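Report on the structure given below.
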Amino acid sequence: MTARAAGLSIDARTPVGDLRLDVALEVAAGECVALAGPSGAGKTSVLRIVAGLLEAAHGRVACAGEIWLDTDRRIGVPAERRRCGYLFQEYALFGHLSAWRNVAYALHEAPRAQREPRARELLARFGLADRAGARPGTLSGGERQRVALARALARRPAALLLDEPLSALDARTRAAAARELAGVIRDAGVPVLLVTHDFTEAALLGDRVAVIDKGRVLQEGSASALAAAPATAFVADFTGAVVLTGEARRGDGGTLVVTLAGGGEITALEGEPGAVAVSVYPWEIALARPGEAAHDSARNHLAVDVLSVTAVGSRVRVGLAAPQPLTAELSEASARELELAPGGRAVASFKAAATRVLPL
Amino acid sequence: MSGWFGVLLAVALAAALTFLTLPVVAIFAQQPPGDLVSALGEEGALDALWLSLRTTAAAVLLILVVGTPAAYLLATRRFRGRAGLVTLIELPLVLPPAVAGIALLAAVGPSTLLGRAAQDAGLQLTLATAGVVVALTFVAAPFYLRQAIAAFEAVDATLLDASRTLGASPARTFARVAIPTALPGLVAGTALALGRALGEFGATLMFAGSFQGVTQTVPLAIYDRFATDFTAALALSAVLVAVSAAILLSVKLVRGPDAVAR
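First to last, the sequence lines map onto chains A and B.
In terms of our numbering, the first sequence opens at residue -13 and continues consecutively.
In terms of our numbering, the second sequence opens at residue 187 and continues consecutively.
Set out below in structure tokens:
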């Protein structure tokens, strides 16, 4: 394991309760790795080990050229000196302090006179200038998340750790928060490790996704690569929906027509116009030879290139370029019958009703 | 709520209220207020009052300074034998005051090793004001510790974690996050300890004795007078009622605004 200049490098083998955690991850500066998996998989434990809040029996953590943990050399930098910006799942704002004092709490090493102006400036950047004096108890979920983000960034962290950043928000606020969070991640310039149980969220926010289950990283790669060629049945199930992005407008009969980024058009039944993410489950997508597809009831037909064909148990995952990455799942028999092979062409069909549209 | 059950509830409340307030009201009703005030002027009454306030303040200060970090440790760490430790700390709660007095004499009395060591160091415990503070601390500390442990246990551990990731040391986290968050419970515990210390009688009498101006606190002074000068005993009792009521009221005021803010 080599600590890249400004990257975050993690290697931890330790029991956590009943779980045996065995995780190695590298996150480059400016990169966001989404650690995705079901609850109890050990995701949060990884963040806590990086932040120095959980002891590891064996482990090494290095960030920005500093060694934070090396059990072999008995190095364990205390949490307060690790310069981690940690966004907690329920935000963990201090209820006895106003919003700006919550942010200023992270600035206690700065000269006293600079703390309040800097805290207010950070809050203003998140559109919370007029809420700076409010107690967390009186803030909405979205406002709380932004105060917590401002607080986590206040110390100019060397790494950003985000624990289920969107899960405490209702569906309405989530889209706006996701957009803002994507901006924060893009501008952070430091390694970002994000934990989520939702693959769609991982696909939208992470440059790479690492799927974790029972304490182990099962597979790592881009979201579309994982969905197209899952290494195990668990990854196949977990990666579930494929995510495509595009611009939606109203079509006839109350439908929604989405022009995909990079080309192609999709019809959906519900959703709002504007920038959207469209998700479809691989098992909802049928494949046919070019020119043979138009006879079924599906409204959506996309001409695709076949990129990969991967057997997962008795099923076959087919990675496609539409030109955005798309994944279909078929039985082995149909895959044989269609003579699918990388480099070939096909038509992907799915019903408008199988298409979910999320605002971006 | 109507019918016989409603009547039953109302009767029960009226009975409880009468029984609990009648004796307190009687203290003030027995004598004209003027007599009560002049009885306070009696030599020794003000001494007792002043001594009670000083020793109670000293005991509660000791309890806060030592008890708060101790309670934090017990509330935030899990280790083998923790439950047994908490039970040991709580034991003085159920100890009869006379037993507490005997226990203190046996532990730090003049004939014991510790007692002699204290005396050599210039600290007279038995039959001295310092002994009163020891007795008050012994009986009142568990009231505070119990509340403080519960209050710290109720603090969300992720708040303490968040504080650490924001650059605060464990000590700063304790002072700036744990204590403010647990404050309502700590205040309630302080009030309980104050009330218990102010009313302490048995252990003080047995361990420190009852010497005017030195170890005779208000409860001891009341006991000293009730056979010979009932008016003086009433006057001191009235003062104790007033001080205790003030403590209770101020606690409710401190917790009130916070309870509204939540």
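Where a beta carbon is used, it is the ideal one built from N, C-alpha and C, also for glycine.
What you are looking at is a predicted structure, and each value in this text was computed from that prediction instead of being measured.
Below-9 Å beta-carbon distance, residue i vs any chain A residue
{"i": "B:Ala361", "result": "no"}
{"i": "B:Arg266", "result": "no"}
{"i": "B:Ala337", "result": "no"}
{"i": "B:Ser238", "result": "no"}
{"i": "B:Thr351", "result": "yes"}
{"i": "B:Leu206", "result": "no"}
{"i": "B:Leu372", "result": "no"}
{"i": "B:Ala348", "result": "yes"}
{"i": "B:Ser355", "result": "yes"}
{"i": "B:Leu345", "result": "yes"}
{"i": "B:Arg358", "result": "yes"}
{"i": "B:Asp342", "result": "yes"}
{"i": "B:Leu369", "result": "yes"}
Paired residues, beta bridge with residue i - DSSP
{"i": "A:Asp199", "result": "A:Arg202"}
{"i": "B:Phe265", "result": "Partner(s): none; B:Phe265 has no beta bridge."}
{"i": "A:Asn(-4)", "result": "Here the sequence assigns Ile to residue -4 of chain A, which means Asn is not the residue at that position. Answer is A:Leu11 and A:Val47."}
{"i": "A:Leu148", "result": "A:Leu73 and A:Leu180"}
{"i": "A:Glu52", "result": "A:Cys49"}
{"i": "A:Phe336", "result": "A:Asn286"}
{"i": "A:Asp291", "result": "A:Ala307 and A:Arg331"}
{"i": "A:Glu258", "result": "Looking at the DSSP assignment, A:Glu258 forms no beta bridge with any residue, so it has no partner."}
{"i": "A:Thr231", "result": "A:Ala263"}
{"i": "B:Val429", "result": "In DSSP, B:Val429 forms no bridge with anything."}
{"i": "A:Leu167", "result": "BP columns for A:Leu167 are empty, so no partner."}
{"i": "A:Ser317", "result": "A:Arg301"}
{"i": "B:Pro278", "result": "Looking at the DSSP assignment, B:Pro278 forms no beta bridge with any residue, so it has no partner."}
{"i": "A:Pro1", "result": "A:Arg6"}
Among the options, nearest to residue i - alpha-carbon criterion
{"i": "A:Ser84", "options": "A:Trp54, A:Ala120, A:Cys49 and A:Leu204", "result": "A:Ala120"}
{"i": "A:Thr57", "options": "A:Gly329, A:Arg104, A:Ala43 and A:Cys49", "result": "A:Ala43"}
{"i": "A:Ala50", "options": "A:Pro97, A:Ile(-4) and A:Gly23", "result": "A:Ile(-4)"}
{"i": "B:Leu281", "options": "B:Thr207, B:Ser297 and B:Phe329", "result": "B:Phe329"}
{"i": "B:Pro283", "options": "B:Thr390, B:Arg358 and B:Ala202", "result": "B:Thr390"}
{"i": "A:Val36", "options": "A:Arg(-1), A:Pro24 and A:Val244", "result": "A:Arg(-1)"}
{"i": "A:Leu(-6)", "options": "A:Ala10, A:Gly3, A:Arg6 and A:Ala65", "result": "A:Ala10"}
{"i": "A:Arg158", "options": "A:Gly127, A:Ala92, A:Leu146 and A:Arg141", "result": "A:Gly127"}
{"i": "A:Asp223", "options": "A:Pro24, A:Val176, A:Ala20 and A:Glu12", "result": "A:Pro24"}
{"i": "A:Val229", "options": "A:Ala308, A:Leu146 and A:Val264", "result": "A:Val264"}
{"i": "A:Ala321", "options": "A:Ile271, A:Ala105, A:Leu344 and A:Tyr267", "result": "A:Ile271"}
{"i": "B:Ala336", "options": "B:Gly375, B:Gly189, B:Leu345 and B:Pro209", "result": "B:Gly375"}
{"i": "A:Leu212", "options": "A:Ile171, A:Asp116 and A:Thr313", "result": "A:Thr313"}
Own chain partners of residue i with C-beta closer than 6 Å, once the 5 adjacent residues on each side are dropped
{"i": "A:Ala338", "result": "Thr253, Ala254, Leu255 and Arg285"}
{"i": "B:Glu339", "result": "Ala261"}
{"i": "A:Glu52", "result": "none"}
{"i": "A:Ala209", "result": "Ala189 and Val195"}
{"i": "A:Leu316", "result": "Val302"}
{"i": "A:Arg(-10)", "result": "Only weak support exists for where A:Arg(-10) lies, its pLDDT of 46 falling under 50; the value from the coordinates is given anyway. Excluding sequence neighbours, A:Arg(-10) sits near nothing in its chain."}
{"i": "A:Ala(-8)", "result": "Ala15 and Ala50"}
{"i": "A:Leu5", "result": "Gly28 and Gly201"}
{"i": "B:Leu426", "result": "Val404"}
{"i": "A:Gly71", "result": "Ala138, Leu139, Pro143 and Leu146"}
{"i": "B:Ala379", "result": "Val246, Ile249, Ala326, Phe329 and Tyr330"}
Cβ-based neighbour list, residue i, same chain, cut-off 8 Å, excluding 5 preceding and 5 following
{"i": "A:Arg275", "result": "Leu324, Ala332 and Val333"}
{"i": "B:Val319", "result": "Thr241, Ala244, Ala245 and Leu248"}
{"i": "B:Pro278", "result": "Ala286, Phe324, Val325, Ala327 and Pro328"}
{"i": "B:Glu386", "result": "Pro283, Ala321, Leu322, Val325, Ala326, Thr403 and Pro405"}
{"i": "A:Ser283", "result": "Lys337"}
Minimum Cβ-Cβ distance from residue i to chain B less than 9 Å
{"i": "A:Ala136", "result": "no"}
{"i": "A:Gln131", "result": "no"}
{"i": "A:Gln75", "result": "yes"}
{"i": "A:Met(-13)", "result": "Because A:Met(-13) sits at a pLDDT of 41, beneath the cut-off of 50, its placement in the model cannot be relied upon, and the point is left open."}
{"i": "A:Glu66", "result": "yes"}
{"i": "A:Ala140", "result": "yes"}
{"i": "A:Val2", "result": "no"}
{"i": "A:His183", "result": "no"}
7 Å CB neighbourhood of residue i in its chain, flanking five on each side removed
{"i": "A:Ala163", "result": "Gly128, Gln131, Leu152 and Leu155"}
{"i": "A:Ala217", "result": "Leu204 and Gln205"}
{"i": "B:Glu276", "result": "Pro328 and Arg332"}
Determine, using beta-carbon pairs with one atom in the segment 72 to 92 of chain A and one in the segment 115 to 134 of chain A, whether at least three such pairs fall under 8 Å. yes
Are the segment 233 to 251 of chain B and the segment 399 to 408 of chain B in contact at 8 Å, needing three or more beta carbon pairs? yes
Contact between the segment 144 to 153 of chain A and the segment 171 to 182 of chain A: three or more CB pairs below 8 Å? The segment 144 to 153 of chain A makes contact with the segment 171 to 182 of chain A: 3 or more CB pairs, one atom from each, lie closer than 8 Å.
Just checking, does the segment 290 to 301 of chain B make contact with the segment 215 to 227 of chain B on the three C-beta pairs under 8 Å criterion? no
Using 8 Å as the cut-off, can you tell me whether the segment 297 to 316 of chain B makes contact with the segment 370 to 389 of chain B, which would need three or more C-beta pairs spanning the two stretches below that distance? no
Contact between the segment 217 to 231 of chain B and the segment 292 to 301 of chain A: three or more CB pairs below 8 Å? no
Given 8 Å, three or more beta-carbon pairs between the segment 305 to 322 of chain B and the segment 354 to 366 of chain B: no
Is the segment 423 to 442 of chain B close to the segment 342 to 357 of chain B, with three or more CB pairs under 8 Å? no
Decide yes or no for the touch test of the segment 234 to 242 of chain A against the segment 54 to 72 of chain A: beta carbon pairs closer than 8 Å, at least 3 of them. no
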